[in-house]
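A short write-up of the structure that comes next.
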Amino acid sequence: MTDTVEARLTELGLALPQAAAPVAAYVPTVEAGGLLHVSGQLPFIDGKLVTGRLGKDVSLEEGNAAAQACGLMILAQVKAALGSLDRVERVVKLGAFISSAKDFTDQPKVANGASELMVAAFGDAGKHARSAVGVPVLPLGAAVEVDAIFAIRSA
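Numbering (the numbering used here), first residue to last: 720 to 874.
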């Protein structure tokens, strides 16, 4: 095991993207009471937004990869806010929103893309509470959106 979260991500062949700027009237993160709340992040793979609906025009595998991309963007926002992912004490909760056809019921399998990333990055401290819900539409037609709450160490 390596010394830093980013080194673990590199070992997994993953790189943090540039933290995305907000697209509306909100901020990407809010630190309060020892927690860092991260606004919902959308899935960008190779610079392109993953759009569509699970169970219609997006496969389970594509949805899982989209959730992982959301997780990477969440980590990019955490690094931008805190200066280092090593300040994360624990991943507390993820909220996954999956644009779904009315008969699609595998939202938890899609959300695993982000959940498994957190465990790979933080080990046991990456295990978290979670919700995974199907929704009819997401901003910009995104297939998945994930938000997060982290317990953080003092600077």
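Don't be surprised by glycine CBs; every beta carbon is placed ideally from N, CA and C.
According to the Cβ coordinates, are residue 827 and residue 788 closer than 8 Å?
The criterion of a C-beta distance shorter than 8 Å is not satisfied by residue 827 and residue 788.
For residue 863 and residue 784, I'd like the C-alpha separation in whole angstroms.
For residue 863 and residue 784, the distance between alpha carbons rounds to 10 Å.
Return helix, strand or coil for residue 887, following the three-state DSSP convention.
Only positions 720 to 874 of the chain appear in this structure, which leaves residue 887 out of reach.
Thinking C-beta only, is residue 772 closer than 8 Å to residue 872?
no
In terms of residue numbering, what span does the beta strand (DSSP E) encompassing residue 863 cover?
863-871
So residue 818 is in the beta strand (DSSP E); what residue range does that whole segment cover?
Start and end: 807-818.
Is the stretch 790-802 touching the stretch 733-743, taking contact as three or more C-beta pairs under 8 Å?
With the cut-off at 8 Å, the stretch 790-802 and the stretch 733-743 touch.
To the nearest angstrom, report how far apart residue 758 and residue 823 are at their CA atoms.
25 Å
Taking DSSP's pairing of strands, which residues face residue 850 in a bridge?
814
Jot down the residue ranges of each uninterrupted beta strand (DSSP E) in the stretch 749-775, minimum 3 residues, whole runs only, in chain order.
754-760
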